[in-house]
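Numbering (the working numbering), first residue to last: 1257 to 1533.
Here is the structure:
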(Lines of atoms letter the chains of each structure in order from A and count residues from 1; the text may use other names and numbers.)
(Lines give C-alpha, C1' and ligand atoms only; values in the text may rest on other atoms or scores of the structure.)
Protein backbone atom coordinates (compact mmCIF):
# COMPACT_ATOMS: atom_id res chain seq x y z
CA UNK A 1 0.00 0.00 0.00
CA UNK A 2 2.80 2.42 0.82
CA UNK A 3 1.89 5.52 2.76
CA UNK A 4 -1.79 6.34 2.52
CA UNK A 5 -2.43 9.78 4.05
CA UNK A 6 -6.14 9.96 3.34
CA UNK A 7 -8.39 10.35 6.36
CA UNK A 8 -10.94 8.41 5.08
CA UNK A 9 -12.42 7.77 4.02
CA UNK A 10 -12.07 9.07 5.59
CA UNK A 11 -13.55 9.14 5.75
CA UNK A 12 -11.56 12.06 8.26
CA UNK A 13 -12.11 12.82 4.43
CA UNK A 14 -15.06 12.14 6.56
CA UNK A 15 -15.14 13.58 9.98
CA UNK A 16 -17.88 16.06 9.44
CA UNK A 17 -19.93 18.20 11.65
CA UNK A 18 -23.91 20.35 12.48
CA UNK A 19 -26.08 22.39 14.59
CA UNK A 20 -29.56 21.43 15.64
CA UNK A 21 -31.56 22.41 12.59
CA UNK A 22 -35.23 21.50 12.35
CA UNK A 23 -34.91 17.92 11.06
CA UNK A 24 -36.88 14.69 11.46
CA UNK A 25 -35.70 12.73 14.52
CA UNK A 26 -33.89 10.13 12.40
CA UNK A 27 -31.66 12.77 10.82
CA UNK A 28 -28.20 13.85 11.99
CA UNK A 29 -27.42 17.35 10.67
CA UNK A 30 -23.70 18.04 10.45
CA UNK A 31 -22.16 21.27 11.76
CA UNK A 32 -20.05 23.62 9.70
CA UNK A 33 -16.62 24.00 11.29
CA UNK A 34 -12.91 24.50 10.67
CA UNK A 35 -10.67 22.13 12.62
CA UNK A 36 -6.90 21.77 12.86
CA UNK A 37 -5.28 18.54 14.07
CA UNK A 38 -1.58 18.23 14.98
CA UNK A 39 -0.15 14.82 14.09
CA UNK A 40 2.53 12.91 16.00
CA UNK A 41 3.92 9.37 15.93
CA UNK A 42 2.69 7.07 18.72
CA UNK A 43 3.74 3.64 17.42
CA UNK A 44 5.98 2.15 14.75
CA UNK A 45 7.07 -1.42 14.01
CA UNK A 46 8.57 -3.66 11.35
CA UNK A 47 11.73 -3.45 9.28
CA UNK A 48 10.66 -0.11 7.80
CA UNK A 49 9.96 1.50 11.18
CA UNK A 50 10.02 5.28 11.39
CA UNK A 51 12.13 7.52 13.61
CA UNK A 52 9.57 10.30 13.68
CA UNK A 53 6.45 11.65 12.04
CA UNK A 54 4.98 15.10 12.30
CA UNK A 55 2.19 16.78 10.44
CA UNK A 56 -1.04 18.71 10.44
CA UNK A 57 -4.56 18.29 9.12
CA UNK A 58 -6.79 21.19 8.10
CA UNK A 59 -10.46 20.21 7.91
CA UNK A 60 -12.82 22.90 6.62
CA UNK A 61 -16.44 21.81 6.38
CA UNK A 62 -19.55 23.84 5.48
CA UNK A 63 -23.11 23.37 4.32
CA UNK A 64 -26.53 22.18 5.37
CA UNK A 65 -28.92 19.27 4.65
CA UNK A 66 -30.78 21.39 2.09
CA UNK A 67 -27.76 22.91 0.30
CA UNK A 68 -25.38 19.97 0.55
CA UNK A 69 -21.96 19.77 2.18
CA UNK A 70 -18.57 21.07 1.01
CA UNK A 71 -15.27 19.86 2.42
CA UNK A 72 -11.78 21.28 1.93
CA UNK A 73 -9.22 18.96 3.46
CA UNK A 74 -5.43 19.08 3.58
CA UNK A 75 -3.02 16.77 5.36
CA UNK A 76 0.72 17.48 5.29
CA UNK A 77 2.89 14.79 6.88
CA UNK A 78 6.67 14.47 7.14
CA UNK A 79 7.95 10.92 7.67
CA UNK A 80 11.54 10.40 8.87
CA UNK A 81 12.92 6.86 8.58
CA UNK A 82 16.34 7.85 9.91
CA UNK A 83 19.73 8.58 8.35
CA UNK A 84 18.34 11.67 6.68
CA UNK A 85 15.65 9.80 4.76
CA UNK A 86 12.56 12.01 4.88
CA UNK A 87 9.42 12.04 2.77
CA UNK A 88 6.76 14.75 2.84
CA UNK A 89 3.23 13.86 1.75
CA UNK A 90 0.77 16.65 0.96
CA UNK A 91 -2.78 15.41 0.40
CA UNK A 92 -5.42 17.90 -0.78
CA UNK A 93 -9.09 17.09 -1.25
CA UNK A 94 -12.12 19.19 -2.15
CA UNK A 95 -15.52 17.57 -2.39
CA UNK A 96 -19.23 18.31 -2.43
CA UNK A 97 -22.00 15.93 -1.39
CA UNK A 98 -25.75 16.46 -1.66
CA UNK A 99 -27.56 16.60 1.67
CA UNK A 100 -29.35 13.32 0.92
CA UNK A 101 -26.13 11.56 -0.11
CA UNK A 102 -27.29 10.99 -3.69
CA UNK A 103 -24.36 12.67 -5.46
CA UNK A 104 -20.70 13.31 -4.74
CA UNK A 105 -18.12 15.45 -6.59
CA UNK A 106 -14.44 15.35 -5.71
CA UNK A 107 -10.94 16.50 -6.61
CA UNK A 108 -8.05 14.78 -4.83
CA UNK A 109 -4.34 15.51 -5.31
CA UNK A 110 -1.35 14.05 -3.50
CA UNK A 111 2.18 15.43 -3.66
CA UNK A 112 5.32 13.64 -2.49
CA UNK A 113 8.22 15.99 -1.76
CA UNK A 114 6.34 18.71 -3.68
CA UNK A 115 6.05 16.55 -6.80
CA UNK A 116 2.62 15.41 -8.10
CA UNK A 117 1.99 11.77 -7.23
CA UNK A 118 -1.77 11.20 -7.68
CA UNK A 119 -4.65 13.22 -9.09
CA UNK A 120 -8.24 12.02 -9.30
CA UNK A 121 -11.45 13.86 -10.18
CA UNK A 122 -14.95 12.64 -10.70
CA UNK A 123 -18.64 12.73 -9.93
CA UNK A 124 -20.50 9.89 -8.27
CA UNK A 125 -24.23 9.24 -8.04
CA UNK A 126 -26.30 6.89 -5.92
CA UNK A 127 -29.85 5.62 -6.38
CA UNK A 128 -30.98 2.95 -3.96
CA UNK A 129 -28.45 0.12 -3.95
CA UNK A 130 -26.79 1.22 -7.20
CA UNK A 131 -23.93 3.72 -7.44
CA UNK A 132 -21.45 4.73 -10.10
CA UNK A 133 -18.77 7.35 -10.68
CA UNK A 134 -17.74 9.17 -13.84
CA UNK A 135 -14.02 9.89 -13.58
CA UNK A 136 -12.28 12.65 -15.53
CA UNK A 137 -8.82 12.08 -13.97
CA UNK A 138 -6.51 10.20 -14.06
CA UNK A 139 -8.46 8.97 -17.10
CA UNK A 140 -12.00 9.39 -18.36
CA UNK A 141 -14.05 6.31 -17.48
CA UNK A 142 -17.20 5.19 -15.69
CA UNK A 143 -16.89 2.81 -12.75
CA UNK A 144 -19.83 0.86 -11.32
CA UNK A 145 -19.60 0.97 -7.53
CA UNK A 146 -22.55 -1.16 -6.45
CA UNK A 147 -24.13 -0.55 -3.05
CA UNK A 148 -21.93 2.13 -1.47
CA UNK A 149 -22.42 5.36 0.44
CA UNK A 150 -20.40 8.58 0.30
CA UNK A 151 -18.40 10.14 3.20
CA UNK A 152 -20.90 12.62 4.68
CA UNK A 153 -23.67 10.03 4.61
CA UNK A 154 -21.31 7.56 6.29
CA UNK A 155 -20.67 9.94 9.18
CA UNK A 156 -24.38 10.71 9.48
CA UNK A 157 -25.19 7.00 9.69
CA UNK A 158 -22.56 6.50 12.39
CA UNK A 159 -24.15 9.22 14.53
CA UNK A 160 -27.67 7.84 14.01
CA UNK A 161 -26.44 4.34 14.92
CA UNK A 162 -24.81 5.69 18.09
CA UNK A 163 -27.94 7.63 19.07
CA UNK A 164 -29.98 4.45 18.68
CA UNK A 165 -27.73 2.70 21.19
CA UNK A 166 -26.32 0.27 18.61
CA UNK A 167 -22.66 -0.72 18.63
CA UNK A 168 -21.85 -1.83 15.07
CA UNK A 169 -22.26 -0.44 11.56
CA UNK A 170 -21.05 -2.19 8.40
CA UNK A 171 -21.23 -0.36 5.06
CA UNK A 172 -19.21 -0.03 1.86
CA UNK A 173 -17.78 3.48 1.44
CA UNK A 174 -16.51 5.41 -1.58
CA UNK A 175 -14.51 8.63 -1.12
CA UNK A 176 -12.72 9.01 -4.47
CA UNK A 177 -9.29 8.04 -3.14
CA UNK A 178 -6.65 5.83 -4.77
CA UNK A 179 -7.20 7.06 -8.35
CA UNK A 180 -10.95 7.12 -7.82
CA UNK A 181 -11.55 3.40 -8.29
CA UNK A 182 -11.20 1.88 -4.82
CA UNK A 183 -14.09 0.86 -2.58
CA UNK A 184 -13.65 0.10 1.10
CA UNK A 185 -15.79 -2.11 3.29
CA UNK A 186 -16.00 -0.38 6.65
CA UNK A 187 -16.71 -1.74 10.12
CA UNK A 188 -17.54 0.86 12.78
CA UNK A 189 -17.42 -0.11 16.46
CA UNK A 190 -19.14 2.41 18.76
CA UNK A 191 -18.27 2.64 22.45
CA UNK A 192 -20.34 3.82 25.39
CA UNK A 193 -21.98 7.24 25.31
CA UNK A 194 -20.12 10.09 27.01
CA UNK A 195 -22.74 12.39 28.51
CA UNK A 196 -22.67 16.15 27.95
CA UNK A 197 -20.25 17.72 30.43
CA UNK A 198 -18.55 14.43 31.32
CA UNK A 199 -14.84 13.79 30.74
CA UNK A 200 -13.95 17.37 29.91
CA UNK A 201 -11.75 17.52 26.78
CA UNK A 202 -8.17 18.79 27.08
CA UNK A 203 -7.92 20.22 23.57
CA UNK A 204 -9.56 22.90 21.42
CA UNK A 205 -13.00 21.39 22.08
CA UNK A 206 -12.77 22.67 25.66
CA UNK A 207 -14.82 25.80 26.25
CA UNK A 208 -16.78 25.50 22.99
CA UNK A 209 -20.33 26.53 23.91
CA UNK A 210 -21.81 24.71 20.91
CA UNK A 211 -20.32 21.41 22.13
CA UNK A 212 -20.95 21.74 25.87
CA UNK A 213 -24.52 20.40 25.72
CA UNK A 214 -23.78 17.55 23.29
CA UNK A 215 -23.10 13.90 24.00
CA UNK A 216 -20.29 12.08 22.21
CA UNK A 217 -19.08 8.55 21.54
CA UNK A 218 -15.71 6.83 21.10
CA UNK A 219 -15.64 5.26 17.64
CA UNK A 220 -13.25 3.03 15.71
CA UNK A 221 -13.67 2.60 11.94
CA UNK A 222 -11.70 -0.15 10.20
CA UNK A 223 -11.41 0.00 6.40
CA UNK A 224 -10.93 -3.16 4.32
CA UNK A 225 -10.16 -3.23 0.59
CA UNK A 226 -13.27 -4.62 -1.07
CA UNK A 227 -12.71 -7.80 -3.05
CA UNK A 228 -9.05 -8.14 -2.09
CA UNK A 229 -9.39 -11.40 -0.15
CA UNK A 230 -12.16 -13.66 1.04
CA UNK A 231 -12.54 -14.46 4.71
CA UNK A 232 -10.69 -12.63 7.46
CA UNK A 233 -8.74 -9.55 6.45
CA UNK A 234 -6.35 -7.16 8.10
CA UNK A 235 -7.66 -3.59 7.77
CA UNK A 236 -5.90 -1.37 5.26
CA UNK A 237 -6.10 1.26 7.97
CA UNK A 238 -8.24 2.21 10.96
CA UNK A 239 -9.32 5.51 12.49
CA UNK A 240 -10.36 6.03 16.11
CA UNK A 241 -11.85 9.23 17.52
CA UNK A 242 -14.54 10.73 19.71
CA UNK A 243 -17.48 12.02 17.69
CA UNK A 244 -19.95 14.63 18.95
CA UNK A 245 -23.55 14.25 17.85
CA UNK A 246 -23.09 17.20 15.47
CA UNK A 247 -20.16 15.51 13.71
CA UNK A 248 -17.18 17.32 15.27
CA UNK A 249 -14.32 14.92 16.02
CA UNK A 250 -11.53 14.98 18.59
CA UNK A 251 -8.84 12.65 20.00
CA UNK A 252 -8.04 11.09 16.63
CA UNK A 253 -5.76 8.11 16.10
CA UNK A 254 -4.90 6.86 12.60
CA UNK A 255 -3.49 3.31 12.46
CA UNK A 256 -1.74 2.32 9.23
CA UNK A 257 -0.63 -1.08 10.56
CA UNK A 258 3.13 -0.53 10.66
CA UNK A 259 2.74 2.84 12.36
CA UNK A 260 0.08 4.92 14.08
CA UNK A 261 -0.46 8.66 14.48
CA UNK A 262 -2.22 10.74 17.10
CA UNK A 263 -4.20 13.73 15.90
CA UNK A 264 -4.79 16.31 18.63
CA UNK A 265 -7.44 18.94 17.98
CA UNK A 266 -5.40 22.15 18.25
CA UNK A 267 -7.85 24.59 16.67
CA UNK A 268 -11.62 24.68 16.23
CA UNK A 269 -13.88 27.34 14.77
CA UNK A 270 -17.60 26.61 14.66
CA UNK A 271 -19.76 28.12 11.94
CA UNK A 272 -23.31 29.34 12.34
CA UNK A 273 -25.76 27.13 10.47
CA UNK A 274 -28.15 28.52 7.88
CA UNK A 275 -31.70 27.33 8.31
CA UNK A 276 -33.18 25.46 5.36
CA UNK A 277 -35.77 27.48 3.45
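Note that the Cβ used here is the ideal one computed from N, Cα and C, for glycine as well. Since the model is a prediction, treat every value here as computed from it, not as a measurement.
- Residue state for residue 1436 is assigned as helix, using DSSP reduced to three classes.
- The stretch 1345 to 1364 makes contact with the stretch 1395 to 1410, as at least three CB pairs between them are under 8 angstroms.
- Closest in alpha carbon position to residue 1403, among 1430, 1463, 1375 and 1317, is 1430.
- Residue 1346 is a Cβ neighbour of residue 1370, given a cutoff of 9 angstroms.
- With a 10 Å radius around the Cβ and a threshold of 16 neighbouring Cβ atoms, residue 1309 comes out buried.
- Between the stretch 1370 to 1385 and the stretch 1440 to 1454, the count of Cβ pairs shorter than 8 angstroms is below three; the stretches do not touch.
- Linking residue 1389 to residue 1455 through their CA atoms gives a straight-line distance of about 42 angstroms.
- In this structure, residue 1289 and residue 1525 form a Cβ contact; the two beta carbons are roughly 6 angstroms apart against a cut-off of 8 angstroms.
- A distance below 9 angstroms separates the beta carbons of residue 1495 and residue 1509.
- Judged by DSSP in its simplified three-state form, residue 1489 adopts coil rather than helix or strand.
- When 1451, 1507 and 1461 are compared, the shortest CA-CA separation from residue 1475 is found for 1507.
- Its chain contains 1526 as the residues whose beta carbon lies nearer than 6 angstroms to that of residue 1466, once the 5 sequence neighbours on both sides are disregarded; these appear in chain order.
- In this structure, residue 1362 keeps its C-beta atom at 9 angstroms or more from the C-beta atom of residue 1344.
- It is roughly 8 angstroms from the alpha-carbon of residue 1532 to the alpha-carbon of residue 1323.
- Under the 10 Å beta carbon count, residue 1380 is surrounded by 16 or more other beta carbons and is classified as buried.
- In the structure shown, residue 1379 adopts extended strand secondary structure according to DSSP, grouped into three states.
- Note on geometry: alpha-carbon atoms of residue 1434 and residue 1366 lie some 10 angstroms from one another.
- In this structure, the CA atom of residue 1318 is about 12 angstroms from the CA atom of residue 1503.
- Within the DSSP secondary-structure output, residue 1505 pairs in a beta bridge with 1499.
- The Cβ neighbour count for residue 1333, taken over all protein chains shown within 10 Å, is at least 16; the residue is labelled buried.
- Taking every protein chain shown into account, the CB of residue 1424 has fewer than 16 other CB atoms within 10 angstroms, so this residue is exposed.
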